[in-house]
Amino acid sequence: MMDILEIAVDLSFILVMLGVVFAFVRLVIGPTLSDRVVALDMMTVLLVSFCGLYAILSDDTAFIDVAIVLALVGFLATVALARFVERRKARAVAPEHGEEQGDD
């Protein structure tokens, strides 16, 4: 018979995978670039939680280190993509008279 921790981890795996599927759908059909960035960030968070769940299930602490590194890389990627989206919006709004817009 399974104990409550195994049941909770198995249920969490199912919910995390369901979240990954929904995030992937949003990543593919997202109408704007901002939607795609948020979906990619959500997939990163779900992957971090998957690593944490696997570390609990396997009693292997190496996956905690992987989760921490993945969270840091995901954070930096989200910040970089957010800056890209913001600059892209600023370029679209800027006048088209051949003038460069400064970084003020």
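In this text, residue positions in the sequence shown follow my numbering: the first is 1, and each later residue adds one. For glycine and all other residues, C-beta sits at the position ideal for the given N, C-alpha and C.
Take residue i and list the residues in its own chain whose beta-carbon comes closer than 6 Å to its own, dropping the five residues that flank it on each side.
| i | result |
| --- | --- |
| A55 | F63, I64 |
| G52 | A67 |
| L105 | Beyond the ends of the chain as shown, which are 1 and 104, falls residue 105; an answer cannot be given. |
| V48 | A67, L70, A71 |
If you check the beta carbons only, do residue i and residue j fall under 8 Å apart?
| i | j | result |
| --- | --- | --- |
| A23 | M43 | yes |
| T78 | D41 | yes |
| V9 | L57 | yes |
| V37 | A82 | yes |
| V73 | F50 | no |
From residue i to residue j, what does the alpha carbon distance come to, in whole angstroms?
| i | j | result |
| --- | --- | --- |
| R26 | L46 | 14 Å |
| E86 | S12 | 35 Å |
| G30 | A94 | 25 Å |
According to DSSP, is residue i part of a helix, a strand, or is it coil?
| i | result |
| --- | --- |
| D65 | helix |
| D41 | helix |
| T32 | coil |
| A55 | helix |
| D3 | coil |
| A94 | coil |
| D60 | coil |
What does a CB cutoff of less than 8 Å around residue i pick up in its chain, not counting 5 residues either side in sequence?
| i | result |
| --- | --- |
| L5 | I56 |
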